[in-house]
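J.: In this note's numbering, the protein residues as written are 13 to 335.
Even for Gly, the Cβ is constructed at its ideal location relative to N, Cα and C.
This is the structure, below, for whatever I ask next.
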Amino acid sequence: MKNMKVFLLSLLCICSLRAEPPFWGTIFIDPDIIKPSDPSAYLSLKDSGQGRRTMYDRRENNWVILNPYLFNATYKDGLKIEVQVNPEFGNADDARKEAEKYAYVIGQLTTALRRDVETVWIHKGTNPFGGGNNNLLIHTGQAVKYINDGILEETFEHEATHTSLDSRHAKKAKWIAAQNADGEFISNYAKDYPNREDLAESYLPYFAIRYRPDRISKSLTKKIKQTIPNRIKYFDSLALDMYPVIKREAPRLNQLFYSEEKQLLTISWNSQVGAKYIIQSSSDFSVWKTVMFHLIADTGLSSVGFKWDRKVNTQEYYRVGLE
Ligand SMILES: [Zn+2]
């Protein structure tokens with residue numbers, strides 16, 4: 013009987029070790045996933061006077077009706093955001109400075125994350141940021157803390173995932189299947205709120221390993237890949253518009269090499285890390301057929317080889333493009 017108890021105890025121990033997430037929260041895992049010097053899609057800001065708006069204020073833990081300073085921010089991908097600055101900032105000039113500062117950082121988010129952001133609320137106070145409601149909620153006292161820790165951009169990425177990806181994916185059967193298949197959570201925060209926080213907690217680490225692998229440590233990459241492999245596959249399967257992280261420019265061909273002996277054609281091109289590529293072929297420049305697709309670049313130089321018989325394919329042209 014005594015032996016039995018020991019056996020059960022050690023089993024329990026193994027179980028709890030397996031289920032413990034590697035991080036408490038993912039906005040803190042690395043401050044350089046997005047850097048202040050990274051490109052922004054931000055274009056301009058236009059004053060739009062003041063107007064009555066309903067905003068959420070975490071200091072009140074409630075909705076408030078105010079007469080905020082209004083600014084229309086425009087982005088290079090055509091998206092627009094109305095920035096609403098609490099009148100407590102005193103005058104339009106000071107309000108504009110706040111609006112400009114955050115409109116730029118929000119422009120560092122991809123089109124996919126900004127697409128449902130219609131408004132931004134800016135208040136004073138040291139309260140957590142928020143996402144959802146087609147909005148991003150900012151408290152400037154808290155922003156100072158995030159800036160000091162280098163995680164302002166990472167926090168926006170988390171919050172904008174709530175705004176633009178939650179409604180599209182959090183309840184999808186394939187996402188839930190991925191959560192179940194992984195059987196673990198990337199953070200305690202995700203584990204405690206699996207329906208509300210898991211997608212936002214998982215997306216930033218995914219973004220880091222896929223688009224900024226050279227900025228995070230090998231051990232961090234390994235932990236992320238080991239903990240949420242199925243969620244990573246889920247994100248990979250989406251056609252997310254990654255501008256301005258991935259620039260919309262045609263890839264430059266680096267080398268075309270044919271091995272007569274192996275009957276193998278190898279194409280290499282200068283790639284953007286994380287971007288998805290497609291290879292097509294044509295014999296007449298009019299009808300193009302897809303040879304390979306969904307080739308995700310993990311370095312700045314990608315290459316693929318495929319069987320090719322010079323005697324059969326006497327004249328064949330190839331092109332590489334962004335998917
Ligand atoms: Zn969240």
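(1) For Phe318, write down the residues that DSSP places opposite it in a beta bridge.
(2) For the candidate residues Gln292, Arg65 and Asp59, whose alpha-carbon lies nearest to that of Thr302?
(3) Could you tell me which of Ala212, Lys235, Thr131 and Glu171 sits nearest to Asn98, measuring between CA atoms?
(4) Is the closest heavy atom of ligand 1 to the C-beta of Ala172 under 6 Å?
(5) Quick test of your reading: Asn200 and Trp300, contact by CB under 8 Å. State the CB separation rounded to the nearest angstrom.
(6) Let me check you understand the geometry: is the CB of Glu165 closer than 6 Å to at least one non-hydrogen atom of ligand 1?
(7) Output the boundary residues of the alpha helix (DSSP H) element that contains Val132.
(8) How about Glu169: is its Cβ closer than 6 Å to a heavy atom in ligand 1?
(9) What are the boundary residues of the beta strand (DSSP E) that Thr302 is part of?
(10) Determine the direct distance from the alpha carbon of Ala202 to that of Asn84, and round the result to whole angstroms.
(11) Over the uninterrupted alpha helix (DSSP H) stretch that includes Glu94, give me the two end residues.
(12) Short check: CB of Gln120 to CB of Asp50, under 7 Å?
(13) For Arg243, count neighbouring Cβ atoms within 10 angstroms of its own Cβ and tell me buried if that reaches 16, exposed if not.
(14) Secondary structure at Ile118, three-state DSSP: helix, strand or coil?
(15) So Phe168 is in the alpha helix (DSSP H); what residue range does that whole segment cover?
(16) Exposed or buried, what is Ile198 when buried is set at 16 or more other beta-carbons lying within 10 Å of its beta-carbon?
(17) Assign Ala193 to one of two classes, buried (16 or more other C-beta atoms within 10 Å of its C-beta) or exposed (fewer than that).
(18) State the start and end residues of the unbroken beta strand (DSSP E) segment that holds Ala85.
(19) Jot down the residue ranges of each uninterrupted beta strand (DSSP E) in the segment 198 to 263, minimum 3 residues, whole runs only, in chain order.
(20) Is it right to say Lys234 is buried, meaning 16 or more other beta carbons lie within 10 angstroms of its own, or is it exposed?
(21) Look at the Cβ atom of Tyr54, then the Cβ atom of Tyr116, and state whether they are nearer than 7 Å.
T.: Reading it off the structure:
(1) Leu277.
(2) Of all alpha-carbon atoms in Gln292, Arg65 and Asp59, the one lying nearest the alpha-carbon of Thr302 is that of Gln292.
(3) Asn98 has its Cα closest to that of Thr131, out of Ala212, Lys235, Thr131 and Glu171.
(4) No, the Cβ of Ala172 stays beyond 6 Å of every heavy atom of ligand 1.
(5) The pair is not a contact, with the Cβ atoms about 49 Å apart (cut-off 8 Å).
(6) No; taking the cut-off as 6 Å, the Cβ of Glu165 has no heavy atom of ligand 1 nearer than that.
(7) Premise fails: Val132 lies in the beta strand (DSSP E), Thr131 to His135, not in any alpha helix (DSSP H).
(8) No, Cβ of Glu169 sits at least 6 Å from all heavy atoms of ligand 1.
(9) Looking at the DSSP string, the run of the beta strand (DSSP E) that includes Thr302 is Lys301 to Ile308.
(10) Straight-line Cα distance between these residues: approximately 34 Å.
(11) Counted as a single uninterrupted DSSP element, the stretch harbouring Glu94 is not any alpha helix (DSSP H) but the beta strand (DSSP E) occupying residues Lys92 to Val97.
(12) Their beta carbons are under 7 Å apart, which means Gln120 touches Asp50 by this criterion.
(13) Around the C-beta of Arg243, 16 or more other C-beta atoms lie within 10 Å, and the residue is accordingly described as buried.
(14) Assignment of Ile118 by DSSP, reduced to helix, strand and coil, places it in the helix class.
(15) Counting along the chain, the unbroken alpha helix (DSSP H) around Phe168 starts and ends at Leu164 to Ser176.
(16) Taking all protein chains shown into account, Ile198 has 16 or more neighbouring C-beta atoms within 10 Å of its C-beta and is therefore buried.
(17) Classification for Ala193: exposed.
(18) Unbroken beta strand (DSSP E) run through Ala85: Tyr81 to Tyr87.
(19) When DSSP assignments are scanned along the segment 198 to 263, no uninterrupted stretch of beta strand (DSSP E) that is 3 or more residues long falls wholly within it.
(20) With fewer than 16 Cβ atoms within 10 Å of its Cβ, Lys234 is classed as exposed.
(21) Yes. Within cutoff.
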